[in-house]
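One structure is given here, and the rest of the page talks about it.
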Ligand code: 5GP
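Numbering (the working numbering), first residue to last: 2 to 198.
Shown next, in the form of structure tokens:
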């Protein structure tokens, strides 16, 4: 999923994750400093440029991108860990990362969270005391560039009301889990049962 800063994406994600325990959020690596209250290994793995460079060189990332003048990436190890535990993985990533993941995993589902208006997005960004004016401007510009690419996503969810956006998100997940290409094993099992009888 992608949503510009200020789209209310984090709130939606928190509620979605709490309501569907089969989902797990992928913890990315980033070179940006931790915000107050963020814990290493929980919101992100916070690493320096040297570590990030080394991981890129080693091919440790399934995707990575420069966002807001910092770098963010999803490690292959994180994907393997969560798939191994039987989870459906949610990636909170920007448009560049989503394009890379969709190329690598064609069955991935791309969901974009849109703000109801640009004014509401700016208001939310300014309401965050943690961002400098320069950061707000970078994030606004970035939001416009991301929204311009939202049409390439499978699903667009407008965050008019958090509860409705959460319900929409869960509806997408539920429908996607029932896609014929994902659940062929069901028909196979039924037909095998018929043969045994
Ligand atoms: P923030 O600094 O506000 O936590 O995140 C900034 C942006 O980076 C968000 O739009 C988020 O989706 C994106 N992002 C976070 N982790 C990753 C990642 O692993 N890969 C990519 N491509 N983008 C990420």
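All C-beta atoms in this analysis are idealised placements derived from N, C-alpha and C, irrespective of residue type, glycine included.
Our two residues, residue 33 and residue 44, have alpha carbons roughly 12 angstroms apart in a direct line. When 42, 75, 71 and 20 are compared, the shortest CA-CA separation from residue 143 is found for 71. When the Cα atoms are used, residue 100 and residue 187 turn out to be separated by approximately 30 angstroms. Scanning the region 69-131 for uninterrupted alpha helix (DSSP H) segments of 4 residues or longer gives 77-85, 96-105 and 119-128, listed from N- to C-terminal end. A check of alpha carbon separations from residue 183 across 40, 4, 89 and 56 identifies 89 as the nearest. For residue 68, same chain residues with a beta-carbon under 6 angstroms away, outside a window of 5 residues either side, are 95 in chain order. In the structure shown, the three-state DSSP call for residue 41 is strand. Relative to the non-hydrogen atoms of ligand 1, the Cβ of residue 93 comes within a distance shorter than 7 angstroms of at least one.
Unbroken alpha helix (DSSP H) stretches of 4 residues or longer found wholly inside the region 4-62: 10-20 and 50-58, given in chain order.
Taking the Cα of residue 106 as reference, the smallest distance to any Cα among 51, 7, 64 and 22 is reached at 64. An exposed status is given to residue 163, since fewer than 16 other beta-carbon atoms sit within 10 Å of its beta-carbon.
Membership of residue 159 in the beta strand (DSSP E) is indicated by the continuous run 156-159.
In terms of CA proximity to residue 173, 156 leads the group 189, 25, 185 and 156.
The shortest C-alpha to C-alpha distance from residue 141 to any of 152, 29 and 125 is the one to 125. Sixteen is the threshold: when 16 or more other Cβ atoms of the shown chains lie within 10 Å of the Cβ of residue 76, as they do, the residue is buried. Per DSSP, reduced to three states, the secondary structure at residue 66 is strand. Exposed is the label assigned to residue 18, since fewer than 16 other Cβ atoms lie within 10 Å of its Cβ. If the five residues before and after residue 5 are omitted, its C-beta is found closer than 6 angstroms to the C-beta atoms of 144 and 147, all from its own chain and listed in chain order. Taking C-beta atoms as the reference points, residue 27 and residue 110 fail to come closer than 8 angstroms. The Cβ atoms of residue 192 and residue 21 do not sit closer than 8 angstroms to each other. Just so you know, the alpha carbons of residue 87 and residue 30 end up roughly 22 angstroms apart.
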